[in-house]
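Numbering (our numbering), first residue to last: 12 to 81.
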């Protein structure tokens, strides 16, 4: 019973930690698509900012997955 509780808690925390950066990635991609559909272009400074944020979220997901596998 204790092992089941520990497993459930781990899965809950892991799910939350993985979904948070995924939500950010999804929102960034949706914002980019919406801006492109509306304006046809995105200013270079905004492109750089979005690329940096996407890179950070991918790095965070990679670290989370590596930690879970360890």
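Positions of the beta carbon are idealized from the N, C-alpha and C atoms, including for glycine.
Everything numeric in this text was worked out from a predicted model, so none of it was measured.
- Message: By the DSSP assignment, the alpha helix (DSSP H) with residue 76 in it spans what residues?
- Response: 55–80
- Kindly indicate the opening and closing residues of the alpha helix (DSSP H) around residue 28. 13–50
- When you compare each of 81, 75, 46 and 79 to residue 32 by their alpha carbons, which one comes out closest? 75
- Task: Tell me whether the beta-carbon of residue 65 lies closer than 8 Å to the beta-carbon of residue 36.
- Result: yes
- Query: Can you give the Cα-Cα distance for residue 60 and residue 67, rounded to whole angstroms?
  - Reply: 11 Å
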